[in-house]
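Peer 1: Just so you know, the sequences run in chain order L and A. What the first sequence shows, in our numbering, is residues 1303 to 1470, in sequence order. What the second sequence shows, in our numbering, is residues 3 to 424, in sequence order. By construction, the Cβ of each residue, glycine as well, lies at the ideal position given by its N, Cα and C atoms. Pasting in a structure now, in structure tokens, and then I'll have a few things to ask.
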Amino acid sequence: MKFEGRVWKYGDNIDTDVIIPARYLVTTDPKTLAAHCMEDLDMAFAQKVLPGDVMVGGRNFGCGSSREHAPISIKGAGVSCIIAESFARIFFRNAINIGLPILESPEAAQEAEKDDVLTVDLAVGTITNHRTGKTYQASPYPPVVLGIIQAGGLIPYARNILGIQITG
Amino acid sequence: MGKTLAEKIIAAHSEDKREVSAGDLVTVKTDVVMANDITAPIAIESFQAMGVDRVFDPDNLMLVPSHFAPNKDIKSAEQTRTLTIFAEDQHLKNRFQVGRAGIEHVVLPERGLVLPGDLVVGGDSHTCTYGALGALATGMGSTDIAFAMATGKTWLKVPDTMKFVYHGQPQNYVYGKDLILRTIGEITVDGALYRSMEFTGPAISGLSMSERLTMANMVIEAGGKCGFIPFDEVTQAYVEPRATRPYTPYFADDDATYISVHDFDLAGMEPQVACPYSPDNVHPISQIKPEKVDQVFIGSCTNGRFEDLAIVAELLQKTGREFDPNVRVMIIPGSQAVYLQALRAGWIELFTMAGGAVSVSTCGPCLGGHMGVLAGEEVCVSTSNRNFRGRMGHRDARVFLANPAIAAASAIMGRLAHPDEL
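In structure tokens:
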């Protein structure tokens, strides 16, 4: 899977309360959540994000609450991939589980600037910055995580494990 | 080679009970699975999307309406209703009706539903609270919770463990809250990322269970996966009369491998306060500008227990003071059992006479949900666990995290204050 998108650049410790404030957690609808994504930090994001854009963060991206609404709102906004120096662990699992690609690459995250265009090749874990021409190798996924990604998220992964066939 | 608490509990819950070491990926059996009114609706959707009919263990799935409870609006009411219907359909043994329950992390230990040696996954980041009982407890998102609901299992990476040793006699009005705030201040909000934290030393042995729960509660604020306070006579005295089933305490080996050891000399330490907008922006109270306060919140899964309210009651009784009339003082017991205890102690009257607003148990204001949402540029002293931008309301509101004594003194003085100033 390959994505190309424009960068929305944020700093360290982006917490799930700024990704999606609790006042909006009365719905699970991705589009409704997306309309308020990042609004306490960056009002422009929800208004101007384009399908395929890439979100770039610093250290400990997604820290705080376990709310799955956080990656759901980012995915709902059309973001194709998140790249960060590191991810908070609950957010990391949540993003993988709902099929939102995330890659850990300190160099790619540090060197990307707002509005840079990045190409992400998920199959091999590479990130290319069009402005600098530089290509970065992201940290590899642990085997279980790879299995969940290959299944298309934790729901289909669980069906495989439980031997459940969904028809129709 | 010796093992840490995380290694021992994960090994005991692994499919083949094999020995594990930090870094291993392991599928483990879960003892308790939990979700609340925000995380359960997605967990239930995901569970149903997995195509599973029945939950794996209806006796140990806890769905607790706490965050927007009692329902703050129609949408939150609909969310809670999905929990109620699911609990009925799946014949869940334990129910947590408003008026009979409260905040999950106060209620579950109080009712003996989480126990030493358990492996607990919860759809709430503060699930790590149960580490105070010697359980391996960690927060996860809704779809992970759905998987555990369906299979009774989850996957974990065995974490590295950081050991924290506390000793020395701090100043008065220093509690477990101050120990954990100072720790987060030193290691920062990602200092324990993906790791387990073991809290040890003479100063920990002397802590009440309430203070231990406060400390373990904020492990996530350092990025930790789980935290532990070793099982001892305090744990046993708390758990024995409550336990709903047999349990096995585990102990770290003396020669366990720790990725780091952190020594804290508490001698002369003052109460600690986390300033906006991060739980690691921690300073001793004497070094913080005594800002005027608009709201004080005493409650939450961090400091909403009987012992926390006792600190406030004692300060009011000792000084004979009331709360400053310009401050909204929200006092919210962490569970209805705590509420009843406080009522019987005469504290509901005491708090109300002092000008405090005492409410039914809820997470409410901690997450800017309801029952005390902050306006822009308002200042709040809160006994809760997070002061991120926008956490308790408007993005420009400023929250100072502190222990109940600092919160109560600030409520009385109308500004950030130390109880010695009263």
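1) State the Cα-Cα distance for the pair His372(A) and Ser337(A), rounded to the nearest angstrom.
2) Would you please verify whether the beta carbon of Asn1399(L) is less than 8 Å from any beta carbon of chain A?
3) Given that Gly1366(L) touches chain A, what residues does it touch there, using C-beta distances under 7 Å?
4) With C-beta atoms as the reference, is Gly1366(L) less than 8 Å away from Asp1314(L)?
5) Can the beta-carbon of Asp120(A) be found closer than 8 Å to that of Tyr249(A)?
6) With a Cβ-Cβ cutoff of 8 Å, do Leu215(A) and Arg307(A) count as a contact?
7) Which one or two residues does DSSP pair with Val383(A) in a beta bridge?
8) So the candidates are Gly104(A), Ala194(A) and Ile313(A); which of them puts its Cα closest to the Cα of Pro335(A)?
9) Can you list, in chain order, the residues of the segment 198-214 of chain A whose Cβ is nearer than 8 Å to any Cβ on chain L?
10) Which of the residues in the segment 1431-1454 of chain L, read from start to end, lie with their CB under 8 Å from any CB of chain D?
11) What did DSSP end up calling Val221(A) once you bin it into helix, strand or coil?
12) Let me check one thing: in DSSP terms, what residues is Ala1397(L) bridge-paired to?
13) If I'm right that Arg1369(L) touches Ile1322(L) with Cβ under 8 Å, what's the distance once you round it to whole angstroms?
14) Classify Val122(A) as helix, strand or coil using the three-state DSSP reduction.
15) Can the beta-carbon of Trp349(A) be found less than 8 Å from the beta-carbon of Leu317(A)?
16) Under 9 Å between beta-carbons, which chain L residues line up against Phe149(A)? List them in chain order, please.
17) In chain A, which residues lie with their C-beta within 7 Å of the C-beta of Leu1317(L)?
18) Which residues in the same chain as Ala1425(L) place their Cβ atom closer than 7 Å to its Cβ, once the five residues preceding and following it in sequence are excluded?
19) List, in chain order, every chain L residue whose beta-carbon is nearer than 7 Å to that of Pro43(A).
20) Within 10 angstroms of its Cβ, does Glu90(A) collect 16 or more other Cβ (buried), or is it exposed?
21) Alpha carbon to alpha carbon, how far is Val340(A) from Thr321(A)? Give it in angstroms, no decimals.
22) Does the ligand SAM have even one heavy atom less than 7 Å from the beta-carbon of Val263(A)?
23) Would you grab the beta carbon distance between Glu423(A) and Ala410(A) for me? Rounded to a whole angstrom, and I think it's under 8 Å.
24) Is Asp1355(L) close to chain A, meaning its C-beta is less than 8 Å from at least one C-beta of that chain?
Peer 2: Put simply:
1) Sequence index remark: in the second sequence, residue 372(A) carries index 370 (1-based). Sequence index remark: in the second sequence, residue 337(A) carries index 335 (1-based). Rounded to whole angstroms, the separation of the alpha carbons of Ser337(A) and His372(A) is 17 Å.
2) For the purposes of this step, residue 1399(L) is taken as residue 97 along the first sequence, with counting starting at 1. It does: the Cβ of Asn1399(L) has a partner Cβ on chain A nearer than 8 Å.
3) The residue labelled residue 1366(L) in the question sits at position 64 within the first sequence. Residues of chain A passing the Cβ test: Ser127, Arg388 and Phe390.
4) As a first step, residue 1366(L) must be located in the first sequence, where it is residue number 64. As a first step, residue 1314(L) must be located in the first sequence, where it is residue number 12. At a Cβ-Cβ threshold of 8 Å, Gly1366(L) and Asp1314(L) do not count as neighbours.
5) Counting from one through the second sequence, the residue named residue 120(A) turns up at place 118. Counting from one through the second sequence, the residue named residue 249(A) turns up at place 247. Yes. Within cutoff.
6) Here the question's residue 215(A) lines up with position 213 in the second sequence. Here the question's residue 307(A) lines up with position 305 in the second sequence. Arg307(A) sits close to Leu215(A), with the two beta carbons spaced by under 8 Å.
7) As a working mapping, residue 383(A) is identified with position 381 in the second sequence. Val383(A) pairs with Val298(A) and Phe402(A).
8) Sequence index remark: in the second sequence, residue 335(A) carries index 333 (1-based). Taking the Cα of Pro335(A) as reference, the smallest distance to any Cα among Gly104(A), Ala194(A) and Ile313(A) is reached at Gly104(A).
9) Taking 8 Å as the Cβ-Cβ cut-off against chain L, none of the residues of the segment 198-214 of chain A qualify.
10) In summary, chain D is missing from the structure at hand, where the protein chains are L and A.
11) Numbered from 1 along the second sequence, position 219 holds the residue referred to as residue 221(A). Looking at Val221(A) - three-state DSSP - the assignment turns out to be helix.
12) Locating residue 1397(L) in the first sequence gives position 95, counting from the first residue. DSSP, once it has assigned bridges, lists no residue as partnering Ala1397(L).
13) Taking the first sequence and counting its residues from 1, one reaches residue 1369(L) at position 67. Taking the first sequence and counting its residues from 1, one reaches residue 1322(L) at position 20. The beta-carbon separation of Arg1369(L) and Ile1322(L), rounded to 7 Å, stays under the 8 Å limit for a contact.
14) Sequence index remark: in the second sequence, residue 122(A) carries index 120 (1-based). Secondary structure at Val122(A): strand, using DSSP grouped into helix, strand and coil.
15) Along the second sequence, read from residue 1 onward, the residue named residue 349(A) stands at position 347. Along the second sequence, read from residue 1 onward, the residue named residue 317(A) stands at position 315. With a cutoff of 8 Å on beta-carbon distance, Trp349(A) and Leu317(A) are scored as not near each other.
16) Start at 1 with the first residue of the second sequence, and residue 149(A) comes out as number 147. The answer, in chain order, is Asn1399, Leu1456, Ile1457, Tyr1459, Ala1460 and Ile1463.
17) Sequence index remark: in the first sequence, residue 1317(L) carries index 15 (1-based). Looking at the sequence shown, residue 1317(L) is not Leu but Asp. Residues of chain A passing the Cβ test: Phe390.
18) To locate residue 1425(L), count along the first sequence from 1; it is residue 123. Excluding sequence neighbours, Ala1425(L) sits near Met1303.
19) Position 41 of the second sequence, counted from the start, is the residue given in the question as residue 43(A). What Pro43(A) touches in chain L, judged by beta-carbon distance under 7 Å, is Thr1330, going in chain order.
20) The residue you call residue 90(A) lines up with position 88 of the second sequence. Here Glu90(A) is exposed, its C-beta having fewer than 16 other C-beta atoms within 10 Å.
21) On the second sequence, position 319 is the one that residue 321(A) refers to. On the second sequence, position 338 is the one that residue 340(A) refers to. If you take the alpha carbons of Thr321(A) and Val340(A), they lie about 24 Å apart.
22) You won't find the ligand SAM in this model; it holds no ligand whatsoever.
23) Residue numbering aside, residue 423(A) sits at position 421 when the second sequence is read from its first letter. Residue numbering aside, residue 410(A) sits at position 408 when the second sequence is read from its first letter. Rounded, the Cβ-Cβ distance is 12 Å, inconsistent with contact.
24) Position 53 of the first sequence, counting from 1, holds the residue named residue 1355(L). At a cut-off of 8 Å between C-beta atoms, Asp1355(L) does not count as an interface residue with respect to chain A.
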